[in-house]
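With our numbering, letter number 141 in the sequence shown gets 636, and the count goes up by one each step, no holes. Cβ atoms here follow ideal geometry from the backbone N, Cα and C, with glycine treated the same way. Note that the structure is predicted; figures quoted are calculated from it, not measured. First the structure, in the form of structure tokens, and then the observations on it.
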Amino acid sequence: MTAAFVPLADSVPSPAPDIRAETPADGPAIDALLDHAFGPGRFVKASERVREIAPLRTDLSFCAWEGARLVGVVRQSEIAVGGRRLIFLGPLAVDAAARRLGAGARLVEVACAAAAAAGFSEVLLVGDPPFFGRLGFSAEPTAGVVMPGPVDPRRLLLKRLRGDNGDQAPLQGAVTAP
496 MTAAFVPLAD
506 SVPSPAPDIR
516 AETPADGPAI
526 DALLDHAFGP
536 GRFVKASERV
546 REIAPLRTDL
556 SFCAWEGARL
566 VGVVRQSEIA
576 VGGRRLIFLG
586 PLAVDAAARR
596 LGAGARLVEV
606 ACAAAAAAGF
616 SEVLLVGDPP
626 FFGRLGFSAE
636 PTAGVVMPGP
646 VDPRRLLLKR
656 LRGDNGDQAP
666 LQGAVTAP
């Protein structure tokens, strides 16, 4: 059975989505959700330039499902900045009906926990500071990061995954493949 993304009206009540690891069979539904969420403009963003050079870590990427319907996705890629290996989180997309249920925050939390379990200490992303700030991301340590394209520096955010690296120096250098 092939699952698909089908937008759902905001007025339809839904249970909290089931978060599962991404599988190869999820690809078509993920592409449809990303197209719906971001449109063709997503291919010109600096984040997309990162994804072109950085290997996708499907083992650290997750989907949110309501039955057979994909309602959210978070993907992660492995990158390096100034010789430090870290994870680049994104894209994150959630169907409007599932946003009220906290699916986006749950996807980010699960993805960060998986990155930490895989041995990574930091997660970098380009995103909305009010939303991601609530999840522990900050722009402070990213002033020295050079993205492969223009990015509003207030939207370039980092989360440190381990409490023992609070004194770690800010990131410095260009985002590259690991």
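In terms of residue numbering, what span does the beta strand (DSSP E) encompassing residue i cover?
{"i": "residue 594", "result": "From DSSP, residue 594 is part of no beta strand (DSSP E) but of the alpha helix (DSSP H) over 591-594."}
{"i": "residue 557", "result": "557-561"}
Just to check my reading of the structure: residue i and residue j have Cβ atoms closer than 8 Å, yes? What is that Cβ distance to the nearest angstrom?
{"i": "residue 651", "j": "residue 621", "result": "6 Å"}
{"i": "residue 601", "j": "residue 514", "result": "6 Å"}
{"i": "residue 541", "j": "residue 668", "result": "Contact doesn't hold; Cβ gap of about 15 Å is too wide."}
{"i": "residue 615", "j": "residue 580", "result": "7 Å"}
In the DSSP assignment, find the alpha helix (DSSP H) that holds residue i and state where it starts and stops.
{"i": "residue 730", "result": "Coverage of the chain is limited to positions 496 through 673, which leaves residue 730 absent and any answer about it impossible."}
{"i": "residue 575", "result": "Per DSSP, residue 575 belongs to no alpha helix (DSSP H); it is in the beta strand (DSSP E), 564-576."}
{"i": "residue 545", "result": "541-548"}
Please report the straight-line C-alpha distance between residue i and residue j, rounded to a whole angstrom.
{"i": "residue 504", "j": "residue 522", "result": "Only weak support is given to the placement of residue 504: the predicted model assigns it a pLDDT of 47, under 50, and the question is left unresolved by the model."}
{"i": "residue 574", "j": "residue 584", "result": "10 Å"}
{"i": "residue 677", "j": "residue 593", "result": "Outside the displayed span of the chain (496 to 673) sits residue 677, for which this structure offers no information."}
{"i": "residue 543", "j": "residue 549", "result": "10 Å"}
{"i": "residue 524", "j": "residue 565", "result": "7 Å"}
{"i": "residue 665", "j": "residue 520", "result": "38 Å"}
{"i": "residue 633", "j": "residue 598", "result": "21 Å"}
{"i": "residue 559", "j": "residue 606", "result": "12 Å"}
{"i": "residue 535", "j": "residue 613", "result": "32 Å"}
{"i": "residue 545", "j": "residue 629", "result": "24 Å"}
{"i": "residue 516", "j": "residue 554", "result": "7 Å"}
{"i": "residue 568", "j": "residue 511", "result": "14 Å"}
{"i": "residue 675", "j": "residue 518", "result": "The first residue shown for the chain is 496 and the last is 673, placing residue 675 beyond what the model contains."}
{"i": "residue 588", "j": "residue 577", "result": "29 Å"}
So with Cβ pairs under 8 Å, would you call residue i a contact of chain B?
{"i": "residue 603", "result": "Looking at the structure shown, chain B is missing, and only one protein chain is on hand."}
Item to check | Ordered list of beta strand (DSSP E) runs contained in the segment 627-661, each at least 3 residues | outcome: Within the segment 627-661, the complete beta strand (DSSP E) segments at least 3 residues long are 639-641 and 651-655, listed from N- to C-terminus.
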